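Asks:
In the working numbering, the protein residues as written are 31 to 308.
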């Protein structure tokens with residue numbers, strides 16, 4: 031009889047415990063344990079999803095500069111203006127950087143002025159190859175590479191061959207001189223190697239420039255065309271013969287004319303139009 035009453039009392043006690051506490055072992059909570067504070071900050075949990083922790087507040091991630099891949103520092107050749115250019119071969123291995131007339135053309139690297147032309151000598155009646163870039167400036171960089179900026183509206187006064195320049199220094203203003211007179215304003219930008227002035231077809235462009243323009247615009251300012259230039263000069267020779275747009279008064283069999291307006295859309299996956307904001 032006593033054992034029966036004991037069993038009844040025990041059952042009543044268990045029933046009371048089950049009604050007054052969460053399910054589980056008596057005296058042990060089934061709620062998730064509180065997250066211990068770390069450095070004085072306690073992570074909160076989202077009420078809707080108790081299993082997902084909300085990260086503590088903190089500063090924005092720090093952007094690390096790109097790795098330095100050469101001892102030279104470069105600047106995008108058009109400064110302070112929105113520009114666009116196509117990543118494809120346009121008759122010659124150079125690029126046309128479309129920009130508003132008067133935009134700043136700056137030296138892409140520290141170096142020295144090699145050639146400049148402050149007078150637009152091109153005429154359609156002769157179409158001399160040496161005059162097609164109109165007003166232009168060439169810079170021999172400290173990297174040994176030659177850079178040409180052509181179709182300029184003007185060249186900085188008192189700039190002369192032999193003058194030392196720094197990357198980002200103003201050299202002239204974007205225009206449409208030379209054989210670009212019937213096109214939108216643009217900068218004819220070419221990369222090659224130093225050569226005698228009579229070898230004008232070399233300064234017009236040997237090394238495709240758009241991979242380096244892309245890098246400089248993306249902030250990789252130490253990506254250098256020096257290796258590509260040396261490779262091509264070794265393969266082609268220091269003075270390769272002129273093969274494109276060489277003779278004056280081009281005949282009907284000549285290559286198609288270059289772009290006369292900025293591209294409005296990419297032509298293919300290989301020709302990606304790049305737009306550089308202000």
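Where a beta carbon is used, it is the ideal one built from N, C-alpha and C, also for glycine. Since this is a predicted model, take the numbers as computed values, not measurements.
What are the residues that DSSP puts in a beta bridge with residue 93?
Replies: DSSP output for residue 93 lists no bridge partner at all.
Asks: Provide the residue(s) that pair with residue 221 in DSSP beta bridges, ordered along the chain.
Replies: 177, 237, per the DSSP bridge assignment.
Asks: Could you name the residues of the same chain whose beta carbon sits closer than 7 angstroms to that of residue 208, not counting the 5 residues immediately before and after it, in chain order?
Replies: Once the five neighbours on either side are set aside, the close Cβ partners of residue 208 are 150, 152, 161, 162, 163, 164, 180, 181.
Asks: Run through the DSSP bridge pairs and tell me what residue 258 is partnered with.
Replies: In DSSP, residue 258 forms no bridge with anything.
Asks: Identify every residue that forms a DSSP beta bridge with residue 232.
Replies: Answer by DSSP bridge pairing: none, since residue 232 is not bridged.
Asks: Below 8 angstroms on the Cβ atoms is my contact criterion, and I expect residue 137 with residue 196 to pass it. Report the Cβ-Cβ distance as a whole number of Å.
Replies: Their Cβ separation, rounded to whole angstroms, is 7 angstroms, which keeps residue 137 and residue 196 in contact under 8 angstroms.
Asks: So what does DSSP say about residue 122, is it helix, strand or coil?
Replies: Residue 122 falls in the strand class under three-state DSSP.
Asks: From the DSSP secondary-structure annotation, give me the bridge partner or partners of residue 195.
Replies: Note: residue 195 sits in a beta bridge opposite 141.
Asks: What does the alpha-carbon distance come out to for the pair residue 170 and residue 176?
Replies: Residue 170 and residue 176: Cα-Cα distance of roughly 5 angstroms.
Asks: May I have the straight-line CA-CA distance separating residue 238 from residue 89, to the nearest angstrom?
Replies: If I take the Cα positions, the gap works out to 41 angstroms.
Asks: Whole angstroms are fine: how far does the CA of residue 236 sit from the CA of residue 123?
Replies: Roughly 6 angstroms between the two C-alpha positions.
Asks: Could you check whether residue 222 and residue 202 sit closer than 8 angstroms to each other, using their CB atoms as the reference points?
Replies: Contact: no.
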